[in-house]
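Below: one structure, written as structure tokens.
Chains as they are written, first to last, in the working numbering: chain A, 30 to 129; chain B, 74 to 567; chain C, 12 to 506.
Here it is, written out as structure tokens:
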């Protein structure tokens, strides 16, 4: 069925999006997301390959600012909402992999 | 920009002798350089190294909810300078989001340039004349820094990590070379040349050990003579030129051995371990990252005007390669080319203007270059401020035989330290090269003491002259001018 | 009928404060009392800023006493949707993942309201991260429609719409990504405006879909909405997508009428609207004709594809905008053995079901292999819609349409089927995709005596034309259809 999303695909997408889901949730979302994708099928079949995409409603270009220092935040403010901090830095559990 | 000359100098390529034949290594380099702007790419936080953690941050570079980026004009200017210096085409460009999760990324996406980068095409000319193609050079924001605690500070053994966002949002230009590099030495030379260009254009201070210049290497191997490219691996964590060279050699050897023993090279990212001297795979299980690029909706396209592009191109001045050419041409004669090492040193230290100017004032070409690259190079800052006329005068004193080499070097040191007139300094120090009669007497003595060598010289063996000359120079304790002594021997030979 | 007469409570109030006839403090106290009395029933507010409001009011009174002009919003209580950053005041987006988070900075619109003398009195409830059409997706419980407490106020800016509709405050700010100001305005019998994209700074608005989001005003009447929009609009260097223009002058030209204006009714939308909603549009068109406009019908079938395009583009951008909620720097953290697990558990616990749905949908349509077919295609449909509007605007100056397909529905009616809920945005979405302004004006009573709003659409930067059209509609509207109303039990009794 066009537009259908399998539970495996949902699990993969959930992993990409860092959302931990239960098995039931995966199945449940698969059904709901498939319904949405099916609804948008009509859009996919439109013959508009030559129409350029619109990324912006505006036609602005070249918005720049001067390379001049402006006041930032105090470290206290920065760390105020931190779930965990140490030595002026944000603390996180072990990072398993290197950055891409 | 001119059409890129042919790339890749086969003579300098590394050939690996495998058990089944010869292999060559193919390398492309991705160099990230931090731009020397006052502020970050999208906000007004200071772009400064070494501050207390999380003291140079604001809602924008922290990616706080509701924050928005605004592009730094100074970063764009420097990116354009880099493009011009690399002979790239500077073009309209857009920004994209590269989406992935990592704690050093405040927004869990990086704003970068994807299919419409600001600079495309271009090339770099290495000291030995090799041309390396540049595919693109684009703008992007840097990430924060993580420190890993527990274990030996290495990520795989850590108990937890700490994140500092001072560096998050610092402007970077990523320069991607074509796979035109054929050896570890060329790779090092490429990075060295790139660094010189970046410093010369004022776009970056290019310090690899400080992290303002970061290099990743894409390495593959292929049978010698093949035109196809093998599967490449990306090697990361190269913190010095030495690491770069070692890693390339290791990785090439690893790949050759793998293929020759029946395996295939897997396209992956590998981590260089400086202590172990080896690369290891970073992504054990799956997946090429799916970055889900899409155009950044919070920024608008960048369309630099032709006036701006031209103005930037005109402002960058002569690049190192052009300066080397200019100096080499000034020094070379019809018969004898300029010595490459001295030329490169002089340009690298910014002494080429001095030499060219002195030559213009009549100074002996090779001597001017030698004194600049060998002696004046000891104090490059003073040398750059040296008056070309004084320098030309000194070179003239030595070239005409009025000062010996040793004496001339002493006078030069004085000139660098305190300026002045070379002839006056020489007089004050009581320097005067031995006069011709004194030289002649010593020459006669040496000839008498070494008849065999003299006979060989008379018979046409020019090489023995160095030996005879050395004896005279030792006797005079450097007060004789080498050229004058050589001329005396030659005259006696007839 | 002009904005300066008693039908513009905010305008009138600020005038009285500036002359010293009414103290800002008194106005603030009255608003706070009204909130205290009614909000337990309505749940418009996530947070009430009592101390800050009184302090701000006192400051306004001091300026008046010193002979200074405190600004056009002097002393007027304003409610702020809880996805607008307010320094030191919790900004939750009605989500557990930001519960208790206090921003260290103010949104630009918040600063501008304060600079104009306005008094921020509290943060209003919304669908979580602005995703929804009923405010039932709030993690802190729904807001109720003051016209009928068993019905939804619409969404996602339900709290702001209801606060104005219940007379708790004369002005409120909301945000509109696919209709989240206009639809609740229609369901609550108040005026709601989505400005041209880029007219109002988004700096400090917690992003949902960056290329679609706009901040806009709620008021009981057109004049007050114009007053608030003037105060917040205009170029902001902190927002790269902010149009480099001064704020438009709207209040002054409100009563210039619609003589000679060409008005087009979007025929395609009438068939998908309830009888009363479609009928309201027809009668609105007649009213404009009586006032000197020329009326016609226009078919723009391309607009019907807007819903699908929106439900690809908005979730895609949202999936990226919401990635930052990872438990590292602020907000909720649920611990895990490693960062990846911590991220995943935090987001699972912190986000509601609708937010998760949209994040996953967005992640999917951007992922390798699907980008062109879904996201790329949606961006092309966006161009088609922009062009279709441009063609329509060759023949007409403004367009008329229903705002919502129906009057306010009952709580729980549509929560079982996400798609059913999405259909609420059918008529509002195209303006977001095109970046055009649009506003809802309460016009008539519809099914079950619930209010019906009529939508006025205009081309980019044509706010002035749009507002004067709205002013004429307002004058012709059924007065019973507009707030404020005393919060009513299901019998529909009106105060």
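For every residue, glycine included, the Cβ atom is placed at its ideal position computed from N, Cα and C.
Item, Value
"From 178(C), 198(C), 125(C) and 112(C), residue whose alpha carbon lies closest to that of residue 146(C)", "198(C)"
"Nearest-angstrom Cα separation, counted from residue 319(C) out to residue 215(C)", "28 Å"
"Those runs of the alpha helix (DSSP H) which lie wholly inside the stretch 80-151 of chain C and span at least 4 residues", "119-126"
"Residues of its chain near residue 112(B), where Cβ-Cβ distance is below 8 Å and the 5 sequence neighbours each way are ignored", "118, 119, 120, 145 and 147"
"Closest residue to residue 19(C) among 114(C), 56(C) and 229(C) (Cα-Cα distance)", "229(C)"
"Status (buried if at least 16 other CB within 10 Å, exposed otherwise) for residue 51(A)", "exposed"
"Pairwise C-alpha distance: residue 209(B) and residue 366(B)", "18 Å"
"Inter-residue spacing [alpha-carbon to alpha-carbon] between residue 190(B) and residue 63(A)", "36 Å"
"Closer than 7 Å at the beta carbon, the chain A residues around residue 147(B)", "96"
"Of the listed residues 273(B), 167(B), 256(B) and 211(B), nearest to residue 203(B) (C-alpha basis)", "256(B)"
"Coarse secondary structure for residue 324(C), derived from DSSP in three states", "helix"
"Beta-carbon proximity list for residue 515(B), same chain, < 7 Å, skipping 5 on both sides", "545, 548 and 549"
"Residues of the stretch 198-223 of chain C whose Cβ lies closer than 9 Å to any Cβ of chain A, in chain order", "207, 208, 209, 222 and 223"
"6 Å CB neighbourhood of residue 59(A) in its chain, flanking five on each side removed", "34, 36 and 39"
"Residue-level contact to chain A via CB, residue 112(B), 8 Å cutoff", "yes"
"For residue 209(C), the nearest candidate out of 445(C), 490(C) and 467(C) (CA to CA)", "445(C)"
"Separation of residue 134(B) from residue 242(B), as counted between CA atoms", "6 Å"
"Close-in-space but distant-in-sequence residues of the same chain around residue 560(B) (CB under 7 Å, 5 per side omitted)", "none"
"Proximity test, Cβ basis, 8 Å: residue 322(C) and chain A", "yes"
"Coarse secondary structure for residue 536(B), derived from DSSP in three states", "coil"
"DSSP beta-bridge partners of residue 182(B)", "172(B)"
"Where residue 389(C) meets chain A, residues with beta-carbon distance less than 9 Å", "69, 72 and 82"
"Local Cβ density within 10 Å of residue 79(B), reported as buried at 16 or more and exposed below that", "The pLDDT assigned to residue 79(B) is 42, lower than 50, so where the model puts this residue is not dependable; a value taken from the coordinates is nonetheless given after this. Per the 10 Å Cβ criterion, exposed."
"Residue 355(B) beta carbon less than 8 Å from that of residue 588(B)", "Because chain B in this structure spans residues 74 to 567, residue 588(B) falls outside the shown range and cannot be described."
"Below-8 Å beta-carbon distance, residue 410(C) vs any chain A residue", "no"
"8 Å contact criterion, which residue 489(B) and residue 467(B) should meet: CB distance rounded", "Their Cβ separation, rounded to whole angstroms, is 10 Å, which puts residue 489(B) and residue 467(B) out of contact at 8 Å."
"Sub-8 Å separation of residue 440(C) and residue 313(C) beta-carbons", "no"
"Touching by the beta-carbon criterion (3+ pairs, under 8 Å), the stretch 424-444 of chain C and the stretch 454-463 of chain C", "no"
"Contact set between residue 181(B) and chain C, taken where Cβ atoms lie within less than 7 Å", "334, 335 and 337"
"Residues that residue 2(C) contacts on chain A, provided the C-beta gap is smaller than 7 Å", "Since the displayed chain C opens at 12 and closes at 506, residue 2(C) lies outside it and no answer follows."
"Residue 325(B) vs residue 294(B) beta-carbon contact at 8 Å", "yes"
"Where the stretch 106-133 of chain B meets chain A: residues whose CB sits under 8 Å from a CB there", "110, 111, 112, 116, 117, 118, 119, 125, 126, 127, 128, 129, 130, 131 and 132"
"Same chain only: Cβ atoms within 7 Å of residue 329(B), ignoring 5 sequence neighbours per side", "89, 91, 96 and 294"
"Sequence-distant residues of its chain with Cβ nearer than 7 Å to residue 529(B) (five each side left out)", "537"
"Pair within 8 Å by beta-carbon distance, residue 203(C) and residue 442(C)", "no"
"Contact set between residue 33(A) and chain C, taken where Cβ atoms lie within less than 7 Å", "The premise fails here: residue 33(A) is roughly 12 Å from chain C at the closest Cβ pair, so nothing lies under 7 Å."
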